[in-house]
Each structure stands twice: as C-alpha cells, then as structure tokens.
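Have a look at the structure below, then the notes.
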Amino acid sequence: MNFVVSLLQILLAVILLLSTVKGASIKAMEKSTNEVIQFLDVLLKSECQPRDTLVDVFSEYPEDTEFHYIPSCVVLARCGGCCQDEAMECVPTETRNATLQVMRSRPHVSQHTLELRFTEHSRCECRLKPGLKTAKKQYQCSPCSERRKRLFIQDPLTCKCACKYSQLDCTARQLELNERTCRCERPGGERHCF
C-alpha cells in the first residue's frame, strides 16, 4: 500500500512539472517572431546578476548517492551573466541560505519529504578570474635628447617628450617659453635657464 501511495505522489509531481513546462512553452510561442528586443533590455538582461538557475540536487549533495530526489533539480538564485572583459567572471559577493522541501526516496524501500539547505547568491559582480594577473604594459621608449634631458619629461604611454616647464612657469619670471628648446627666454630671444 505504501508503494502505491509513493507511486501516486511521484506521478502527481511529474504531471505538475509537465504542465508548468507546457505552459511556459505556450507562452514562449505566443511571442511574435518579428519582435525586436531593444538594446537596453538586452544589456540589462545580460548583465552580471543573481538569476534563477536550475541546480542539480546531487551536485549539492553528492554523498547521497543511494537516494533519488524529487525534483532532481531545484531553482536557485545564482550569479550569471556577462562581464565586459574576458578576463573577468561573474561571481557572488553576498550569499544566503535557502531551505527547500524535496522528496527523498530509496527505490522500493521508502520515501519522505525533507528540508535541504542550499546556497543562493544575493549579490554578484564581475571580478578578475583566478590565476590572471593584470598585465602591466612595459613601454620601451627612446629617451629624450640626452643633451636637454633635464628640460623634458616623457609620457610613458605615448613616448612623447614634452617641456618640463609650462608657459605659466616662464611667465611668472617675466619670460616666454621657447617650445622648441623647452627653455624660458626673454622676449626677444635671450635665453634664461632655471
């Protein structure tokens, strides 16, 4: 008698599961095939965030190999989505415990409902994948003219040499900046060194 009741419970669970899957597929078919989803909607739906994910119960409780779980997978909030850089991945930054009732059965022996705890993700963000380090680019620039090196500064990204002193520095001393030589000179061409 217990076996018949167990079998009826399993059949009822399967029927309920199939009816929700069928309902979801009908709703998906009702959408127009010509509908264009706007960029902002696509972007928001694809970003790194907690989202409903089907998780196999056995993957969370691998030591319970002698049992069958109904359902065999559960819906949990888990991090998913895209990061704008391939070196990054969507990972949880906050989690919480969720307790779900499932049926655990040992074939032809027993079955009962029990509560299992699962980890859900409540906040996610894109972080650097483990093992990857930010590669600092080493730029090899030819140095500024050795003769006037003290008058120039070099931009390490562009390798361009620029005057160390600005027009403002020279004007404060009542001089003008000669951008070719990077020296402060008296108006009229006389040089004045710092």
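According to mature numbering (1 follows the signal peptide of the UniProt record, and there is no 0), the residues represented by the sequence shown are -23 to -1, 1 to 171, in order.
All C-beta atoms in this analysis are idealised placements derived from N, C-alpha and C, irrespective of residue type, glycine included.
Item                                                                                                                     : Value
Reduced DSSP secondary structure (H/G/I, E/B, other) of E37                                                              : helix
Terminal residues of the beta strand (DSSP E) in which S158 lies                                                         : The residue asked about is misnamed: residue 158 is Thr in this sequence, not Ser. No beta strand (DSSP E) contains T158, which DSSP labels as neither H nor E.
Bridge partner(s) assigned by DSSP for Q78                                                                               : E92
Cβ-Cβ separation, C59 to S23 (assumed contact under 8 Å), whole Å                                                        : 5 Å
Option in Q88, F95 and D132 with minimal Cα separation from residue 185                                                  : There is simply no residue 185 to check, as the chain begins at -23 and stops at 171 in what is shown.
Under the three-state DSSP convention, the category T42 falls into                                                       : coil
Beta-carbon proximity check, L109 vs A64, cutoff 7 Å                                                                     : yes
Same chain only: Cβ atoms within 8 Å of V32, ignoring 5 sequence neighbours per side                                     : C50, V51, V52, L53, R55 and F95
Cβ pair count under 8 Å reaching 3, the stretch 127 to 139 against the stretch 86 to 104                                 : no
Cut-off 7 Å between Cβ atoms - residues of its own chain near R150, not counting five sequence neighbours on either side : C161
With 16 other Cβ atoms within 10 Å as the buried cut-off, status of C101                                                 : buried
Presumed contact (8 Å Cβ cut-off) between S99 and F44, rounded CB distance                                               : With a Cβ gap of about 29 Å, S99 and F44 do not count as contacting.
Residues near A139 in its chain [Cβ-Cβ closer than 7 Å; skip 5 each side]                                                : F129, I130 and D132
Coil, strand or helix - R163 by DSSP                                                                                     : coil
Beta-carbon spacing of L93, L77 below 7 Å                                                                                : yes
Which residues DSSP lists as bridging C140, in chain order                                                               : F129
Buried versus exposed, by CB contacts within 10 Å (16 or more), C25                                                      : buried
With 16 other Cβ atoms within 10 Å as the buried cut-off, status of P164                                                 : exposed
A64 - partner residues in DSSP beta bridges                                                                              : DSSP, once it has assigned bridges, lists no residue as partnering A64.
Proximal residues to R28 (C-beta, below 6 Å), its chain only, five neighbours per side dropped                           : G57
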